[in-house]
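Chemist: Sharing a structure here in structure tokens format.
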Amino acid sequence: MSATKTISAVIVAAALLGGLAFAWWGWQNLDPSLLLFGSRLC
């Protein structure tokens, strides 16, 4: 496996993990009023 493929795979994995961590953190700190506001927009 070439170095470029390895590096890009690591970057993709880190981005996925970062996105999951950010989504989980956002869910933990979610304000119920924001949730109501978002449901009205949709």
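Positions in the sequence shown are counted from 1; adding 1298 to them yields this note's numbering. Where is the CB? At the ideal position from N, CA and C, for every residue including glycine.
Compute the Euclidean distance between the alpha carbons of Ser1300 and Gly1317, then round it to the nearest angstrom.
Modeler: If I take the Cα positions, the gap works out to 26 Å.
Chemist: Straight-line CA distance for Ala1311 to Ile1305?
Modeler: The alpha-carbon atoms of Ala1311 and Ile1305 are separated by roughly 10 Å.
Chemist: If you draw a straight line from the alpha carbon of Phe1320 to that of Ser1337, how long is it in whole angstroms?
Modeler: Looking at the two C-alpha atoms, the distance is approximately 21 Å.
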